[in-house]
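Here UniProt numbering is used: position 81 in the sequence shown is 81, and no number is missing along the way.
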Amino acid sequence: MILSTPLYYNHGMAYSEHIYTPDGDSLEARISAYKTVREAWLNAEASLKFLDDDLWADRLGDRDNVEEAYRISTRSLKMATDAISQDEIQIAITQGFVDAEEAREFMQHKRREEMQSIRDNQQAGHSATDQHK
1 MILSTPLYYN
11 HGMAYSEHIY
21 TPDGDSLEAR
31 ISAYKTVREA
41 WLNAEASLKF
51 LDDDLWADRL
61 GDRDNVEEAY
71 RISTRSLKMA
81 TDAISQDEIQ
91 IAITQGFVDA
101 EEAREFMQHK
111 RREEMQSIRD
121 NQQAGHSATD
131 QHK
């Protein structure tokens, strides 16, 4: 359950911490990096769920560390998803980089991110409107 993928820190800023590090710009490299990041995100998500379980809490680290690992993996998953288009996923299927189930999961995640981005933009618009009243 512990995030086993090394965390890469770029600069000193919290928002630049990520683990999305494709080995080049090829589709295969980006797909491989996406799979690594997705696995780390699933592990971090599971760790959050077990954080209050007495059997696991002492093995997972403190809450701040687990939550930070989740934030970093979530940010990294967004980067990885943004780096691959829907058309490229179809190409990845034909080239054998992903199977149909992995492609379906990718598309679901991409749609969730797009919806969240729309919500975030709407909230930012409301905040700006509220400030001008």
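Each residue gets a CB set at the ideal place from its N, CA and C atoms; glycine is no exception. In this text the structure is predicted, and so the values were computed from the model without any measurement.
When the Cα atoms are used, what is the spatial distance from THR36 to GLU67?
19 Å
Specify, as a first and last residue, the run of the alpha helix (DSSP H) that LEU55 falls within.
54-60
Tell me whether ILE72 is buried or exposed, calling it buried when 16 or more other Cβ atoms sit within 10 Å of its Cβ.
buried
Measuring CA to CA, which of SER16, THR21, GLU17 and TYR34 is closest to PHE97?
TYR34
What does the alpha-carbon distance come out to for the pair PHE50 and ALA57?
7 Å
I need the boundaries of the alpha helix (DSSP H) containing ALA80, first residue and last residue.
63-82
Nearest by alpha-carbon distance to LEU42: which of ALA29, TYR70, TYR20 and ASN65 is it?
TYR70
Should THR94 go down as buried or exposed, given a rule of 16 or more other Cβ atoms within 10 Å for buried?
exposed
To test your reading of the DSSP string, which unbroken alpha helix (DSSP H) runs of 4 or more residues are found completely within the segment 14-40?
none
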